[in-house]
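Chemist: Here's a structure for you.
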Amino acid sequence: KTDNGVGLYVTPAPKLEEGEHMSIVLLQVRGVNKLSDQMDDIFSTTVAKVAQFYSGYNGEVFRGGRYTRGYFFRSPQEAVCFGMVVQVALMAVPWPDLSEFPPTERNIQGNLIYKGPRVAILVHKSETIVVGLNTNVNSESPPKSHKSLKSLLGRSASDKVSAAGSEQKSGNTTRDSDQTPPGVSGTFTTRRSFKFKSLTMKKAMLAQNRKSFETHAYSGEGVTQASTLVKFVFGGQVVITEAVWREVQERLPRLTQVVSLGLIQVPGIEEPQHLMEISAPGISERVFLDLEANILEPGYRQSPSIDSHLVIMFAKAEPCPLEMYPKENHVELEALHREAIVLWADLVRDLLKQFDGYECKEPDPGKFTLAFKTMDQALAFSVVAQVRMIHMDWDV
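First residue of the sequence shown? That's 790 in the working numbering, and the numbers climb one at a time after it.
Structure, rendered in structure tokens:
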């Protein structure tokens, strides 16, 4: 960590203890083959600043010969807020040249909904993320063209101080390619010393020219799943997995728009994935196509047409009756109630497939708005749901 006012706050790399989960956010720019160096620097700096605010750590994610910008968080709520704020922050950036990006778009009121790069963002949570330490980064590291995020957050602490200081001055900075280890870019040298509160640039130079460079690399099944799913996300869209949704659905910022994308099956992931799309206020009018994946259960964009007759149903689980029990049992009871709500939600979604129903939304855990094509289907769903609940194994 640098002194206050010196440069970047370097978030410690999150690590998993047994039984813990970690949240990963992957970002990919759509619509352009490659950003110019200037645009990539602006983009990377903007994303890094937002990540600092939410205590995100930029780790190495490199699969299939392609670099993906990845940030790691201890809290899924911070990861989700990071993704939504990035989409808004990128529109506020004074881009020097917008010709590299798709055209700017406004809604019918004239308000911006797109400006700058179209970034696909995927938020996932998993306990199967492996944290390793890269020393003497080799040629399998991300390509040198992706230098900005590494220079901001991906190197050792002394290198980060050096990079932060070099950005504060104007000019007098050269890229020293001869001293760049294989696979590491963004090494800076300077022609004069700049005084920090507790560290001089000269000392930072000596520290950064060491032969050993350390970065944290993330791998494992959780990273593989996220890397696979992000390919299905459109530019400008923020998509979260079901594991993240269950953690954040009661704690999202006000006016956040949530859209179910349905249950999908994608190659490379055995279990079907229930995905949700979230949008920050002001950009919720962005329009996206259907996911290019095998949709097992319909989402919002496959909803029944309003041109035909529909039967709408509201179904919800009762809140936990805490007033009936002593206060010392409330924490345990609330935990058991949450587990029961999950079983109820699974039952609802299972019966929807059987009776050709559609899940409009689940604004609160266990509270559903459903649609059916006929009254017979709706009534059959209701009766079978009640019977199934009587015979369910409520071992919670």
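Every residue, glycine too, gets a C-beta built ideally from N, C-alpha and C.
How is the beta strand (DSSP E) around Gln1026 delimited, first residue to last?
Modeler: The sequence position of residue 1026 within the sequence shown is 237, counting from 1. Here Gln1026 belongs to no beta strand (DSSP E), and DSSP marks it neither H nor E.
Chemist: Identify the residues that DSSP records as bridge partners of Thr1158: which are they?
Modeler: As a first step, residue 1158 is located in the sequence shown; it is residue number 369 there, counting from the start. Thr1158 is bridged to Phe1103 and Lys1150.
Chemist: Rounded to whole angstroms, what's the CA-CA distance from Leu816 to Lys914? Just pull it up for me.
Modeler: Taking the first residue of the sequence shown as 1, we reach residue 816 at position 27. Taking the first residue of the sequence shown as 1, we reach residue 914 at position 125. Distance between the alpha carbons of Leu816 and Lys914: 15 angstroms.
Chemist: Sort Met1065, Pro1061, Glu849 and Pro1042 by Cα distance to Ser1049 and report the nearest one.
Modeler: Here residue 1049 corresponds to residue number 260 of the sequence shown, with the count starting at 1. Among Met1065, Pro1061, Glu849 and Pro1042, the Cα nearest to that of Ser1049 is on Met1065.
Chemist: Between the beta-carbon of Ala1106 and the beta-carbon of Gly848, is there less than 9 angstroms?
Modeler: Indexing the sequence shown from 1 puts residue 1106 at position 317. Indexing the sequence shown from 1 puts residue 848 at position 59. No, they are not a contact pair.
Chemist: Applying the 10 Å Cβ sphere with the 16-neighbour rule, what's the burial state of Tyr1114?
Modeler: Position 325 of the sequence shown, counting from 1, holds the residue named residue 1114. Classification for Tyr1114: exposed.
Chemist: From Ile1029, Met1181, Arg1043 and Ser1094, pick the residue whose C-alpha is nearest to that of Gly872; which is it?
Modeler: Position 83 of the sequence shown, counted from the start, is the residue given in the question as residue 872. Here the closest residue by C-alpha is Ile1029.
Chemist: Based on DSSP bridge pairs, tell me the residues matched to Lys888.
Modeler: Stepping through the sequence shown from its first residue, residue 888 is reached at position 99. Here residue 888 is Ser; the residue named in the question, Lys, does not match the sequence. None, per the DSSP bridge assignment.
Chemist: Given this structure, state the Cα-to-Cα distance separating Gln1026 from Ser1171, to the nearest angstrom.
Modeler: Numbered from its first residue, the sequence shown carries residue 1026 at position 237. Numbered from its first residue, the sequence shown carries residue 1171 at position 382. Going from the Cα of Gln1026 to the Cα of Ser1171 covers about 35 angstroms.
Chemist: Return the first residue and the last residue of the beta strand (DSSP E) that Gly1051 is part of.
Modeler: Here residue 1051 corresponds to residue number 262 of the sequence shown, with the count starting at 1. Note, Gly1051: beta strand (DSSP E), Gln1046 to Gln1054.
Chemist: Would you tell me roughly how many angstroms separate the C-alpha atoms of Arg1138 and Glu1148, rounded to the nearest one?
Modeler: Here residue 1138 is taken as the residue at index 349 of the sequence shown, counted from 1. Here residue 1148 is taken as the residue at index 359 of the sequence shown, counted from 1. Spanning the two alpha carbons is a distance of roughly 8 angstroms.
Chemist: Rank Asp1165, Gly1146 and Ala1015 by C-alpha distance to the C-alpha of Thr1158 and give the top, closest one.
Modeler: Stepping through the sequence shown from its first residue, residue 1158 is reached at position 369. Taking only the C-alpha atoms, the option nearest Thr1158 is Gly1146.
Chemist: Can you give the Cα-Cα distance for Tyr1089 and Ala1104, rounded to whole angstroms?
Modeler: Within the sequence shown, numbered from 1, the residue matching residue 1089 stands at position 300. Within the sequence shown, numbered from 1, the residue matching residue 1104 stands at position 315. Taking the straight line from one Cα to the other gives about 18 angstroms.
Chemist: Which same chain residues, not among the five before or five after Val1037, have their C-beta less than 7 angstroms away from its C-beta?
Modeler: Residue 1037 sits at position 248 when you count from the first residue of the sequence shown. Pro865, Gln866 and Val869.
Chemist: My assumption, with CB atoms under 8 angstroms, is that Arg1075 sits in contact with Ile902. Please give the rounded CB distance.
Modeler: What you label residue 1075 is simply residue 286 of the sequence shown in a count that begins at 1. What you label residue 902 is simply residue 113 of the sequence shown in a count that begins at 1. Indeed they touch by this definition, with Cβ atoms about 6 angstroms apart.
Chemist: What is the DSSP secondary structure of His1098, counted as helix, strand or coil?
Modeler: For the purposes of this step, residue 1098 is identified with residue 309 of the sequence shown, where counting begins at 1. In the structure shown, His1098 sits in coil (DSSP, three-state: anything other than H, G, I, E or B).
Chemist: Comparing alpha-carbon positions, which option in Val919, Ser888 and Ala1129 lies nearest Asp1184?
Modeler: Locating residue 1184 in the sequence shown gives position 395, where the first residue counts as 1. For Asp1184, the nearest C-alpha among the options comes from Ala1129.
Chemist: Assuming Phe1144 and Gln1166 are in contact, meaning their beta carbons sit under 8 angstroms apart, how far apart are those beta carbons, in whole angstroms?
Modeler: For the purposes of this step, residue 1144 is identified with residue 355 of the sequence shown, where counting begins at 1. For the purposes of this step, residue 1166 is identified with residue 377 of the sequence shown, where counting begins at 1. Rounded, the Cβ-Cβ distance is 5 angstroms, consistent with contact.
Chemist: Thinking just about the alpha-carbon of each residue, which of Ser1073, Lys1156 and Pro1061 is nearest to the one in Gln1046?
Modeler: Here residue 1046 refers to the residue found at position 257 when the sequence shown is read from its first residue. The candidate whose alpha carbon is nearest that of Gln1046 is Ser1073.
Chemist: For Ala1082 and Leu1111, I'd like the C-alpha separation in whole angstroms.
Modeler: Residue 1082 sits at position 293 when you count from the first residue of the sequence shown. Residue 1111 sits at position 322 when you count from the first residue of the sequence shown. Each residue's alpha carbon lies about 43 angstroms from the other.
Chemist: Is Ser1092 helix, strand or coil by DSSP?
Modeler: Residue numbering aside, residue 1092 sits at position 303 when the sequence shown is read from its first letter. Three-state DSSP puts Ser1092 in coil, outside helix and strand.
Chemist: At what residues does the beta strand (DSSP E) containing Gln1062 begin and finish?
Modeler: Your numbering for residue 1062 matches position 273 in the sequence shown. Note, Gln1062: beta strand (DSSP E), Gln1062 to Ser1068.
Chemist: Thinking C-beta only, is Pro1056 closer than 9 angstroms to Thr1013?
Modeler: Here the question's residue 1013 lines up with position 224 in the sequence shown. Here the question's residue 1056 lines up with position 267 in the sequence shown. Taking 9 angstroms as the Cβ cut-off, Thr1013 and Pro1056 do not qualify as a contacting pair.
Chemist: Can you name the residues that DSSP bridges to Asn900?
Modeler: Locating residue 900 in the sequence shown gives position 111, counting from the first residue. In DSSP, Asn900 forms no bridge with anything.
Chemist: Given Glu1031, which residues of its chain have a CB within under 6 angstroms of its CB, disregarding the five upstream and five downstream residues?
Modeler: Taking the sequence shown and counting its residues from 1, one reaches residue 1031 at position 242. Same-chain partners within the cutoff: His1063.
Chemist: Just reading off the beta strand (DSSP E) that Glu1086 is part of, what are its end residues?
Modeler: Position 297 of the sequence shown holds residue 1086. Unbroken beta strand (DSSP E) run through Glu1086: Asn1083 to Glu1086.
Chemist: Report the rounded CA-to-CA distance for Leu1122 versus Gly820, giving the unit in angstroms.
Modeler: Working through the sequence shown from its first residue, we reach residue 1122 at position 333. Working through the sequence shown from its first residue, we reach residue 820 at position 31. Their Cα atoms are separated by approximately 50 angstroms.
Chemist: Considering only residues of the same chain and omitting the five flanking positions on each side of Glu1086, which have a CB-CB separation below 6 angstroms?
Modeler: Within the sequence shown, the letter at position 297 stands for residue 1086. Excluding residues within five positions, the ones whose Cβ falls inside 6 angstroms are Gly1051 and Leu1052.
Chemist: With distance defined between alpha-carbon atoms, name the residue in Phe1021, Phe861, Phe832 and Gln827 nearest to Tyr843.
Modeler: What you label residue 843 is simply residue 54 of the sequence shown in a count that begins at 1. Residue Phe861 is the option with its Cα nearest to Tyr843.
Chemist: Apply the 10 Å Cβ neighbour rule to Val1131 and answer buried if 16 or more other Cβ atoms are within range, or exposed otherwise.
Modeler: For the purposes of this step, residue 1131 is identified with residue 342 of the sequence shown, where counting begins at 1. That one is exposed.
Chemist: Return the residue from the list Asn900, Val908 and Thr1163 that minimises the CA-CA distance to Gln833.
Modeler: Mapped onto the sequence shown, residue 833 falls at position 44. Per the sequence presented here, residue 833 reads as Ser, with Gln not at that position. The option with the nearest alpha carbon to Ser833 is Val908.
Chemist: Can you tell which of Leu1125, Gly859, Leu1141 and Met1178 has the C-alpha that lies nearest to the C-alpha of Lys1162?
Modeler: In the sequence shown, residue 1162 corresponds to position 373, counting from 1. Ranking the options by Cα distance to Lys1162, first place goes to Leu1141.
Chemist: Closest to Lys1156 by C-alpha separation, out of Ala878, Leu1136 and Val1033, would be which residue?
Modeler: Translated into the one-based positions of the sequence shown, residue 1156 becomes position 367. Among Ala878, Leu1136 and Val1033, the Cα nearest to that of Lys1156 belongs to Leu1136.
Chemist: Enumerate in chain order the residues of its own chain whose CB-to-CB distance from Glu1151 is below 6 angstroms, with the five nearest sequence positions on each side excluded.
Modeler: Locating residue 1151 in the sequence shown gives position 362, where the first residue counts as 1. Excluding sequence neighbours, Glu1151 sits near Phe1157.
Chemist: Between Met1164, Leu911, Leu1168 and Ile1067, which lies nearest to His1098 when the distance is taken from Cα to Cα?
Modeler: To locate residue 1098, count along the sequence shown from 1; it is residue 309. Among Met1164, Leu911, Leu1168 and Ile1067, the Cα nearest to that of His1098 is on Met1164.
Chemist: May I have the straight-line CA-CA distance separating Ala1015 from Val839, to the nearest angstrom?
Modeler: Translated into positions along the sequence shown, residue 1015 becomes position 226. Translated into positions along the sequence shown, residue 839 becomes position 50. Approximately 20 angstroms between the Cα atoms of the pair.
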